[in-house]
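Trainee: Here it is, the structure, as structure tokens.
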DNA sequence: AACGGTTCCCCACCGTTCCCCACAATTCAC
DNA sequence: GTGAATTGTGGGGAACGGTGGGGAACCGTT
């Protein structure tokens, strides 16, 4: 069993909008999965426990904080709970597919506590940006 | 048993994308190996324990830090866990081979806590740069 | 109650990957 | 110098994982 999500996987979306979760991670979604919008115009897939703790964190923020309110709208309004089918796939609702601009292909990447789903073109652009800034980022992070 | 990785080894990549780990280092990868993108457009190979500690460090960084987000995408998305086969080889996934521009040949070098895999041409260029700057670098480092 | 549409579940195919065996070349020992 | 062991390389077969599609169950509507 994996402790952190990592890796990059090129998967397809079929005509029913189904996306396969990488086989090595399926065990982490036995208790359910939640799909949400995420930063960079991609989607995030959370195992149920991680989703709950993220939710608890958000709920603690004061109702009067405008930033917290916007973040709630961003995250909660798009949240979609889904159990993977017998083949380890989950169906992405159309409004989330539109947000992430997903057509027939997708790149699934592991990112610590969640998976991310990117349209392949956007992922290449993100990677290019990352490579351009990596030296400076490392310096900032002190690694 | 070596404590630090060092040395330079010219190996080939076969048609299945398999790379042989130098025999003297194979004992360090009994618990598993992780291949990632690395600086200079090469790949890094980490023994599982070293990777875990690097991973813990990354996971601790705040979700909101853009530099940390980019670094996660660079490192975690590129990370590929693989156990060496019975011959001490591991398969490099195609997206990592593309990143490092690897075709049929590779140079494996030891670098303290990890191995690096370079396309031979890039490695020669890196060596040339190193030799050109070595005197000044030593001065800066106070060695 | 009947119908159309959607969603869910299951089965089957196919490509890839993994694992094992075999060869060749180099190194090491005697 | 000769033999033996180790190392790097290649290939074949079996298992696994991703994909597509068909049929049953479930919804809302007429």
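Protein chains in written order, with this note's numbering: chain A, 1 to 143; chain B, 1001 to 1143. Note that CB positions come from ideal geometry on N, CA and C, so glycine has one too.
Please name the residue in A:85, A:60 and A:90 whose C-alpha comes closest to that of residue 115 of chain A.
Mentor: Considering only alpha carbons, the answer is A:90.
Trainee: Mind checking residue 101 of chain A: buried by the 16 CB within 10 Å criterion, or exposed?
Mentor: Label assigned to residue 101 of chain A: exposed.
Trainee: Residues in the same chain with beta-carbon distance under 6 Å from residue 83 of chain A, minus the five sequence neighbours each way, listed in chain order, please.
Mentor: Result list for residue 83 of chain A: 32, in chain order.
Trainee: Just to confirm my understanding: we take residue 1079 of chain B, look at its own chain, exclude 5 residues before and 5 after, and list those with CB closer than 6 Å. What are they?
Mentor: Closer than 6 Å at the Cβ level, and outside the excluded window around residue 1079 of chain B, lie 1034 and 1036.
Trainee: Less than 7 Å between the C-beta atoms of residue 1108 of chain B and residue 1009 of chain B, yes or no?
Mentor: Cβ distance < 7 Å, so residue 1108 of chain B and residue 1009 of chain B count as in contact.
Trainee: Evaluate residue 77 of chain A with the Cβ neighbour count: other Cβ atoms within 10 Å of its Cβ, from every protein chain shown; 16 or more gives buried, anything less gives exposed.
Mentor: The residue in question, residue 77 of chain A, is exposed, as its Cβ has fewer than 16 Cβ neighbours within 10 Å.
Trainee: Using the three-state DSSP reduction, which class does residue 1084 of chain B fall into: helix, strand or coil?
Mentor: Three-state DSSP puts residue 1084 of chain B in coil, outside helix and strand.
Trainee: For a contact defined as C-beta to C-beta under 7 Å, what are the partners of residue 1078 of chain B on chain A?
Mentor: Correct list: 8.
Trainee: Since residue 18 of chain A is in the beta strand (DSSP E), which residue starts that stretch and which ends it?
Mentor: 18-20 is the span of the beta strand (DSSP E), which, as asked, contains residue 18 of chain A.
Trainee: Is residue 1105 of chain B a contact residue of the ligand PLP, with contact defined as CB to any heavy atom under 6 Å?
Mentor: Within the structure as shown, the ligand PLP is missing, as the structure has no ligands at all.
Trainee: Count the other CB atoms within 10 Å of the CB of residue 71 of chain A; is the residue buried (16 or more) or exposed (fewer)?
Mentor: Answer is exposed; the Cβ neighbour count stays below 16.
Trainee: Comparing alpha-carbon positions, which option in B:1026, B:1017, B:1041 and B:1024 lies nearest residue 1126 of chain B?
Mentor: Ranking the options by Cα distance to residue 1126 of chain B, first place goes to B:1041.
Trainee: Within a Cβ cutoff of 7 Å, which residues of the same chain sit near residue 1001 of chain B, ignoring the five residues on either side of it in sequence?
Mentor: With a pLDDT of 46 at residue 1001 of chain B, under the threshold of 50, the predicted position of this residue should be treated as unreliable, though the coordinate-derived value follows. Contacts found: 1027.
Trainee: Which stretch, first to last residue, makes up the beta strand (DSSP E) that contains residue 1138 of chain B?
Mentor: From DSSP, residue 1138 of chain B is part of no beta strand (DSSP E) but of the alpha helix (DSSP H) over 1120-1141.
Trainee: Mind checking whether residue 1074 of chain B and residue 117 of chain A have CB atoms under 7 Å apart?
Mentor: Not a contact, by the Cβ cut-off of 7 Å.
Trainee: Give, in chain order, every unbroken run of the beta strand (DSSP E) that is at least 3 residues long and sits entirely within the stretch 1060-1109 of chain B.
Mentor: The stretch 1060-1109 of chain B contains these whole beta strand (DSSP E) runs: 1080-1082 and 1089-1091.
Trainee: Look at residue 1110 of chain B and residue 1006 of chain B and say whether their C-beta atoms are less than 7 Å apart.
Mentor: In this structure, residue 1006 of chain B lies closer than 7 Å to residue 1110 of chain B by Cβ.
Trainee: On the DSSP bridge list, what partners appear for residue 960 of chain B?
Mentor: Past the edges of chain B, shown from 1001 to 1143, lies residue 960 of chain B, and the structure says nothing about it.
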